[in-house]
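Have a look at the structure below before the remarks.
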Amino acid sequence: MGIFVSKCRTDRCEKTPAQLTAQIRTLEEQIASLNLQQEEERRENSSEVERLRRRIEDDEERMRSLEGELMASRDVEGEEWQHWLGTECLVEHMKEEQKRREVQVEKWKSLYLTIKNELDDLILRTKQGGRFILGANEDLIDRLQMEVMAKEETIEMLRSRISLMEKEEKRREREIDILRQSLKILNNTKRNGMRRNQQSRWLL
Numbered sequence: 187m188g189i190f191v192s193k194c195r196t197d198r199c200e201k202t203p204a205q206l207t208a209q210i211r212t213l214e215e216q217i218a219s220l221n222l223q224q225e226e227e228r229r230e231n232s233s234e235v236e237r238l239r240r241r242i243e244d245d246e247e248r249m250r251s252l253e254g255e256l257m258a259s260r261d262v263e264g265e266e267w268q269h270w271l272g273t274e275c276l277v278e279h280m281k282e283e284q285k286r287r288e289v290q291v292e293k294w295k296s297l298y299l300t301i302k303n304e305l306d307d308l309i310l311r312t313k314q315g316g317r318f319i320l321g322a323n324e325d326l327i328d329r330l331q332m333e334v335m336a337k338e339e340t341i342e343m344l345r346s347r348i349s350l351m352e353k354e355e356k357r358r359e360r361e362i363d364i365l366r367q368s369l370k371i372l373n374n375t376k377r378n379g380m381r382r383n384q385q386s387r388w389l390l
């Protein structure tokens with residue numbers, strides 16, 4: 187980018203006011219196009235954020251259901267109780283992770299809105315700058331190009347963040363499924379043990 191800026195400054199002295207005006211208009215068109223693209227991505231990502239929020243709510247409902255099963259099994263004693271206690275700690279840890287991820291969703295959603303406002307402001311300032319004397323706008327082209335590149339990099343970074351969050355949500359779903367299977371196994375073990383104890387009493 188440094189090479190590009192230096193070249194731009196070297197070539198500027200050879201450009202006429204009409205050429206500079208045309209270049210500024212080209213940049214305005216690029217920024218307008220970027221703004222439209224960012225607006226479309228913002229709508230798509232808002233839908234993605236809402237989908238992730240619903241998924242988090244579903245996970246919380248699953249956690250409450252698992253907690254209910256754990257509370258109903260508090261009468262388990264000995265080594266079995268140690269297994270249940272460890273499972274309950276895992277559930278609490280996963281709940282904390284869900285809350286943390288929900289905060290992250292809100293944070294990135296807010297950041298998207300901030301970027302949109304910055305782009306709107308950039309377009310407004312660019313249009314206003316086009317009315318100034320060209321001699322006062324010698325650094326405008328370089329600044330706009332750098333700002334456009336910075337916005338594009340930020341949008342790409344946010345897109346990667348959303349993708350990563352979605353992958354982690356899938357991983358947590360697998361963990362919840364494993365936890366549910368473990369609870370079923372422990373429940374079956376407990377029931378079988380109670381049946382054997384009852385049969386032993388009857389034999390006595």
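So for the sequence shown, the numbering used here puts the first residue at 187; every next one is plus one. Note that beta-carbon positions come from the ideal geometry of N, C-alpha and C, so glycine has one too.
Is the separation between the beta-carbon of residue i and that of residue j shorter than 8 Å?
i, j, result
"Met351", "Leu238", "yes"
"Leu220", "Lys370", "no"
Mind reading off the beta-carbon distance from residue i to residue j? Whole number of angstroms is fine, and I expect it under 8 Å.
i, j, result
"Ile341", "Glu227", "6 Å"
"Ile362", "Arg248", "6 Å"
Figure out for me which residue from the options has the closest Cα to the Cα of residue i.
i, options, result
"Glu246", "Thr375, Glu359, Asn378, Asn373", "Glu359"
"Gln224", "Lys285, Glu339, Arg329", "Glu339"
"Leu232", "Asn373, Arg345, Gln205", "The amino acid occupying residue 232 in the given sequence is Ser; Leu does not appear at that position. Comparing Cα-Cα distances from Ser232 to each of Asn373, Arg345, Gln205, the minimum goes to Arg345."
"Arg347", "Glu282, Ser368, Ala218, Lys293", "Lys293"
"Arg366", "Arg329, Thr207, Arg250", "Arg250"
"Arg329", "Gln209, Gln205, Ala204", "Gln209"
"Leu213", "Ser296, Met335, Lys285", "Met335"
"Ser349", "Thr300, Asn374, Glu230", "Glu230"
Cβ of residue i less than 8 Å from any chain B Cβ?
i, result
"Glu215", "Going by chain labels, chain B is absent from the structure shown, which holds only one protein chain."
TODO: Assess, as a yes-or-no matter, whether the stretch 234-249 is touched by the stretch 351-360 under the definition of 3 or more beta carbon pairs within less than 8 Å.
DONE: They touch, by the three-pair rule.
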